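Per this note's numbering, the very first residue in the sequence shown carries number 310; after that it's consecutive.
Even for Gly, the Cβ is constructed at its ideal location relative to N, Cα and C.
Note that the structure is a prediction, hence the values are computed from the model and not measured.
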Amino acid sequence: QWRRIFLSVKAHHTEEACLALKPHLAQDGYVLSLQNGLCEKIIARIVGPERTVGAFVNFGADWLKAGEIIYANRGAVVLGEIDGKMTPRLAKLHEEMKVFEPEAITTPRIWSYLWGKLGYGSLLFAQALGNLGIADCLARPELLPLWRRLAGEAVEVALAEGVEPLGFNGYDPKAFRPGASNEEARRSVQAMVAFNRPNAKTHSGVWRDLAVRKRRTEVDVQIAPIAEIGKTHGIACPAVEGLVAMIHEIEDGKRALSDDNLLELARVADA
């Protein structure tokens with residue numbers, strides 16, 4: 310049995326992977342979620358919350374072919390216990406993770422980072438609707454209202470959950486919360502463009518799933534929960550729901566990738 314298992318499968322494979330690994334996880338071991346979304350909740354349900362450690366990662370990488378992976382850029386790496394405690398095992402894990410990313414940090418607020426990534430992730434899923442890369446897509450001035458709507462819905466739901474989302478690498482959740490100004494959002498988008506512009510990874514992994522690998526994305530486990538959780542608080546999320554629907558249409562071969570899709574989504578969100 311293993312005392313530590315680092316899980317990095319796609320979000321929609323989390324449950325299957327956890328059921329497979331559970332017999333091989335030591336009773337005093339843990340699973341570290343190196344994923345996007347709120348996968349820690351799925352892991353904790355299967356192996357137990359005491360055997361689950363959360364993480365937020367934002368470095369860029371692409372699988373090109375078997376045995377060939379491109380490491381595109383450094384990015385934030387944050388580790389945290391899901392109950393917010395600062396434990397000896399977290400400190401030990403932190404020292405080892407610094408071999409990979411020297412600026413990795415630990416936090417008692419891992420859920421704040423995970424919700425922050427959900428807001429940013431919604432923008433990356435929107436980029437995947439078209440053909441422009443991340444930086445060029447974010448830089449489209451006519452899409453600023455869409456960015457405000459998508460990230461704003463994620464921030465509003467997080468706040469309703471009692472979580473103050475935290476930012477990273479240019480993304481500032483406070484710039485998209487209710488009452489934030491257009492200029493605040495613009496500055497955050499410009500910072501995200503500046504972070505993404507020099508990276509070797511020009512397009513999101515979601516875009517590669519749709520355009521290159523022709524497979525289903527993580528949308529149902531990563532992005533759809535924003536709207537699902539929003540409903541429990543009476544919060545409508547038309548931009549997120551429209552985004553999920555468009556991703557499904559592309560997955561099913563009913564919609565082509567086009568930069569015009571984002572303009573259509575903006576209209577749907579404001580309808």
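Asked: Beta strand (DSSP E) runs wholly inside the segment 355 to 427, at least 3 long, in chain order; Found: 361 to 366, 369 to 374, 377 to 382, 386 to 390
Asked: Alpha helix (DSSP H) segments (min. 4 residues) lying fully within the segment 437 to 493; Found: 443 to 447, 453 to 469
Asked: Nearest-angstrom Cα separation, counted from ALA533 out to MET555; Found: 12 Å
Asked: Simplified DSSP assignment, three categories, for GLY562; Found: coil
Asked: 8 Å Cβ cutoff met for ASN382 and ALA509; Found: yes
Asked: According to DSSP, residues forming a beta bridge with ARG313; Found: TYR339
Asked: Range covered by the alpha helix (DSSP H) that runs through GLU619; Found: The question about residue 619 has no answer, for the chain in this structure spans 310 to 580.
Asked: For LEU574, three-class secondary structure by DSSP; Found: helix
Asked: Residue burial classification, LEU566 (beta-carbon count within 10 angstroms, cutoff 16); Found: exposed
Asked: Per DSSP, the bridge partner or partners of VAL334; Found: Residue identity differs from the one stated: residue 334 is Leu in this sequence, not Val. Paired residue(s): TRP311.
Asked: Meets three-Cβ-pair contact criterion under 8 Å: the segment 395 to 413 and the segment 442 to 462; Found: no
Asked: First and last residue of the uninterrupted alpha helix (DSSP H) at VAL528; Found: 528 to 531
Asked: Environment of ASN570 [buried if 16+ CB atoms lie within 10 Å]; Found: buried
Asked: ALA575 vs PRO454 beta-carbon contact at 8 Å; Found: yes
Asked: VAL466, buried or exposed, once every other Cβ within 10 Å from all chains shown has been counted against 16; Found: buried
Asked: CB of ILE419 within 8 Å of CB of ILE391, strictly; Found: yes
Asked: Residue range of the unbroken alpha helix (DSSP H) whose run includes ILE514; Found: A small fix is needed here, since residue 514 is Gly in this sequence, not Ile. Element bounds for GLY514: 514 to 520.
Asked: Selection from TYR380, GLU451, GLY363, GLU493 that minimises the alpha carbon distance to MET395; Found: GLY363
Asked: Buried versus exposed, by CB contacts within 10 Å (16 or more), TRP516; Found: buried
Asked: Secondary structure of ARG506, DSSP reduced to three states; Found: coil
Asked: Distance between GLU377 and ALA370 (C-alpha atoms, nearest Å); Found: 11 Å
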